[in-house]
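Shown next, in structure tokens, is the structure this report addresses.
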Amino acid sequence: TDVANAVYEEVDAVMLSGETTIGKYPLRCIDQLVNIAENVEKHPGLRFVDKLNTDSDKQKLSLAAVELAQSLDARCIVVITRRGVMADLVCNCRPVYSDIYAFTNVSQARRTMMMGRGIRPFRIAFSQDPEKTLQTAFNVLKEREGFQSEE
């Protein structure tokens, strides 16, 4: 029930404890935890996003991006971020149908973003020209994630 409650509360990650690895079948235990999480995710959670604090302009921008993506049935939301803050703010909005592809030039930020729900972080070199940075990100999506040019 701990895993089910955590997923229902829409946490970003579930931590495995030492208890998970004790016994004859630790991999079956993990499979069961994954099964529980996937089943609970099929149902609406607590929807904290409905009570999201939108006092900051960055959070308002993130919410607008998520709402736009959802209205367009967009496959993903692309975020260019140095420290991961914007990716976290988009993650707070809990996009339902769109994965968050976050691009940073900082290794530590990439590792931190791995903990965010629905965030797929990548490390790329940033250019002085923002258009070139975006093009690099789009190329990564095409080459590594199978996106098409029109997406």
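Per the working numbering, residue 370 is the first one in the sequence shown, and the count goes up by one each step.
Heads up, the beta-carbon is just placed ideally off N, CA and C, and yes, glycines get one too.
Query	Result
Neighbourhood of Leu-385 by C-beta, 8 angstroms cutoff - its chain only, sequence neighbours within 5 removed	Ile-399 and Leu-402
Check whether Ala-456 and Met-482 have beta carbons under 9 angstroms apart	yes
Contact set for Val-465: own chain, Cβ-Cβ below 7 angstroms, skip 5 residues either direction	Gln-439
Reference Arg-451; option with closest CA among Gly-487, Glu-520, Arg-416 and Ile-493	Ile-493
Distance cut-off 8 angstroms: Ser-496 Cβ against heavy atoms of the ligand COA	Among the ligands in the structure shown, none appear at all, so the ligand COA cannot be discussed.
Local conformation of Val-454 per DSSP, three classes	helix
Test item: CB-CB of Asn-468 and Cys-445 under 9 angstroms	Strictly speaking, residue 468 in this sequence is Asp, with Asn absent from that position. Taking 9 angstroms as the Cβ cut-off, Asp-468 and Cys-445 qualify as a contacting pair.
Which listed residue (Ala-373, Ser-496 and Glu-512) has its alpha carbon closest to that of Lys-411	Ala-373
Sequence-distant residues of its chain with Cβ nearer than 6 angstroms to Ala-478 (five each side left out)	Arg-452 and Gly-453
Span separating the alpha-carbon of Gln-428 from that of Leu-437	14 angstroms
Tyr-394 classed as buried or exposed, judged by whether at least 16 other C-beta atoms fall within 10 angstroms	exposed
Given Leu-368 as reference, the closest of Asn-461, Ile-405, Val-409 and Gly-414 once Cα atoms are compared	Residue 368 lies beyond the range of the chain shown here (370 to 520); nothing can be said about it.
Residue nearest to Gly-485 in terms of C-alpha spacing, selected from Val-376, Asn-408, Val-380 and Ala-434	Val-380
C-alpha gap between Glu-519 and Asp-424, whole angstroms	34 angstroms
Burial state of Ile-391, where buried means 16 or more other Cβ atoms lie within 10 Å	exposed
With 16 other Cβ atoms within 10 Å as the buried cut-off, status of Ala-559	This structure cannot settle anything about residue 559, because the visible part of the chain is limited to 370 through 520.
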